[in-house]
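Numbering (the numbering used here), first residue to last: 452 to 611.
One structure is given here, and the rest of the page talks about it.
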């Protein structure tokens, strides 16, 4: 069993600026791969959507953005973006992004980051944790399923 341990440190403004550029490109590519957007429109749509989601950048209310770090060494291993949302009279949390740096994948950091994120959501008063995963991302789906996540919606598409 992997014993990776992760801590979540709030992003600095400089870290956020670098992350924002990265997430815009990553989000665009994921939507192209999924067939949601064309390559020609993806960059603009992604930038517009993410700017709307984070209108005040790092200071956007109810959003928390973190660098995930190896708890022992303090080395950066990835990122984690959590949003708090109303859920009836309670609070839910939603993972907008989790990413382990490519060179460090397969070492248990994804699981450790999700567990640290779930602990954080609980500490912030959330009673449930949700996320979206693109259907082509089978390793992520396997991880989330192994952590106890269940499918609540399924969107399908038929290319014509």
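For glycine and all other residues, C-beta sits at the position ideal for the given N, C-alpha and C.
| Asked | Found |
| --- | --- |
| Thinking C-beta only, is residue 529 closer than 9 Å to residue 555? | yes |
| Could you give the DSSP three-state label for residue 560: helix, strand or coil? | helix |
| Taking 8 Å as the cut-off, does the region 533-542 touch the region 557-564 (at least 3 CB pairs, one atom from each stretch)? | no |
| May I have the straight-line CA-CA distance separating residue 503 from residue 548, to the nearest angstrom? | 16 Å |
| Kindly indicate which three-state DSSP category residue 478 falls into: helix, strand or coil? | helix |
| Label residue 544 either buried or exposed according to how many other C-beta atoms from any shown protein chain fall within 10 Å of its C-beta, with 16 as the threshold for buried. | buried |
| Would you say residue 533 and residue 505 are within 9 Å of each other, going by their C-beta atoms? | no |
| Could you tell me the boundaries of the beta strand (DSSP E) in which residue 502 lies? | Taken as a continuous stretch (DSSP letters only), residue 502 belongs to no beta strand (DSSP E), being part of the alpha helix (DSSP H) at 490-504. |
| With three or more beta-carbon pairs closer than 8 Å as the criterion, would you say the region 511-525 touches the region 456-470? | yes |
| Residue ranges of each beta strand (DSSP E) run of no fewer than 3 residues wholly in the region 507-563, ordered along the chain? | 514-521, 527-538 and 541-551 |
| So what does DSSP say about residue 461, is it helix, strand or coil? | strand |
| Run through DSSP, which three-state label would residue 577 get? | strand |
| Based on the DSSP output, what are the partners of residue 437 in its beta bridges? | With the chain running from 452 to 611 in the structure shown, residue 437 is simply not present. |
| Check each candidate in 457, 605 and 592 and name the one with the smallest Cα separation from residue 524. | 457 |
| On the three-state DSSP scale, how would you describe residue 571? | helix |
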